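Encoded as structure tokens, the structure appears first; notes follow it.
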Amino acid sequence: MTYHTDATAATGTVRITVVQNSPDVTLDAFAGHLAADLDVVRAHDGDAVPGVDALGDGLVVLGGHVSAHDDERAPWLPALRETLLAAATAGVPTLGIGLGAQLLAVAGGGQVAVAAPPGREVGVTRVFWRAEAETDPVLAALAAGEDPARHVTSRHADAVVELPPGAVWLGSSNVYPYQAFRLGSALGVQFHPETTRASLAAWCDADDDVDTAATLATFDEHADDLLGGGRRLAEAFVAEVRARAEDRILV
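The sequence shown begins at 12 in my numbering and counts up one residue at a time.
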């Protein structure tokens with residue numbers, strides 16, 4: 012069964028479905044930044060992934076600890092890939108984060124490498140926006156203007172290595188080229204704009220080869236960019252959800 016969050020920013024004017032793929036990869040800071048009614052589908056706990064007609068006004072697909080191909084361990088993934096592609100082609104504003112972005116890429120015909128050769132990308136990542144990002148309806152909140160976000164928070168080993176046909180490439184890092192892309196009405200970001208310092212610390216502690224103290228020190232150095240960028244992205248996504256919902260009412 013889905014459940015409603017008690018996000019203090021909720022206004023009730025639009026409804027966004029959020030699909031959670033692992034118990035410890037949550038909305039995190041986004042629970043307070045997404046100004047909407049949020050229906051959280053705990054797919055990892057047996058909740059059924061809704062079809063595109065039941066999503067409401069928007070869709071967010073969170074990260075997780077399985078690969079985009081791991082249908083045996085995560086039997087809900089085929090339905091989730093189907094819903095992601097349907098949402099992207101039907102004009103439903105969609106945000107795929109981490110695993111969510113990888114699932115979007117695979118659903119659209121792209122490729123994801125498991126344990127990609129460059130290795131894990133953990134902690135603060137320098138991001139480079141392409142020109143197309145400056146006009147993207149959502150990502151422009153990070154890429155455009157006089158104060159673009161230059162750093163994001165990462166934690167992944169799998170990676171998109173080929174974008175789907177028709178996708179727009181939006182951003183890269185020094186390690187992985189596809190940090191952000193758009194497919195139809197869906198934005199995929201490999202990085203984690205929702206992540207707080209506490210969540211990053213827990214992720215680092217779970218990895219034996221990561222220096223938690225050093226990683227958190229870098230996070231603290233760039234905290235305004237990281238946390239502020241996450242807030243801006245969430246607000247821009249909700250603004251896009253509202254605009255699309257209003258357009259449907261006017262039609």
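Quick reminder that beta carbons are idealized off the backbone N, C-alpha and C, glycines included.
Quantities reported herein were computed from a predicted structural model and do not represent experimental measurements.
- Proximity to ALA47 across GLU251, ALA155, ALA170, ASP35 peaks at GLU251, based on C-alpha coordinates.
- The alpha carbon of CYS215 has as its nearest neighbour, out of GLU132, VAL249, ALA54, HIS44, the alpha carbon of GLU132.
- Membership of GLU232 in the alpha helix (DSSP H) is indicated by the continuous run 223–232.
- As the crow flies, the alpha-carbon of ILE260 is around 40 Å from that of ARG84.
- The continuous beta strand (DSSP E) containing LEU49 extends over residues 48–53.
- If you look at LEU73, you'll find it isn't in any beta strand (DSSP E); DSSP assigns it neither H nor E.
- Membership of THR105 in the beta strand (DSSP E) is indicated by the continuous run 105–108.
- For secondary structure counted as the alpha helix (DSSP H) over 4 or more consecutive residues, the region 87–151 holds these complete runs in sequence order: 88–101, 110–118.
- C-alpha of THR37 to C-alpha of ALA99: approximately 22 Å in a straight line.
- Relative to the Cα of HIS203, the nearest Cα in the group THR146, ALA142, ILE108 belongs to ILE108.
- Nearest C-alpha to ALA142 among VAL179, VAL171, GLU173, GLY121: VAL179.
- Separation of PRO175 and GLY130 (C-alpha to C-alpha, rounded to the nearest whole angstrom) is 22 Å.
- Using a 10 angstroms sphere on the CB of PRO89, the tally of other CB atoms stays under 16, which defines it as exposed.
- Minimum Cα-Cα distance from LEU95 among the listed residues ARG166, ASP218, ALA217, ARG193 corresponds to ARG193.
- Look at LEU261 here: in three-state DSSP terms it is helix.
- For HIS167, the enclosing beta strand (DSSP E) has its first and last residue at 162–167.
- Contiguous beta strand (DSSP E) elements confined to the region 151–212 occur at 162–167, 170–173, 179–184, 191–194, 197–200, taking only those with 3 or more residues.
- Rounded to whole angstroms, the Cβ separation of ARG92 and VAL117 is 6 Å, and the two are in contact under 8 Å.
- Just measuring C-alpha positions, the residue of HIS162, ASP235, ALA127, ALA170 sitting nearest GLN113 is ALA170.
- Around the beta carbon of PRO86, a 10 Å sphere encloses fewer than 16 other beta carbons of the protein chains shown; the residue is thus reported as exposed.
- If the five residues before and after PHE230 are omitted, its C-beta is found closer than 8 Å to the C-beta atoms of GLY134, VAL135, THR164, ARG208, LEU211, LEU237, all from its own chain and listed in chain order.
- Beta-bridge analysis with DSSP links GLY67 to ILE27.
- Under the DSSP assignment, GLY62 falls outside any alpha helix (DSSP H); it carries neither an H nor an E label.
- Between the alpha carbons of ALA217 and GLU232 lies a distance of about 22 Å.
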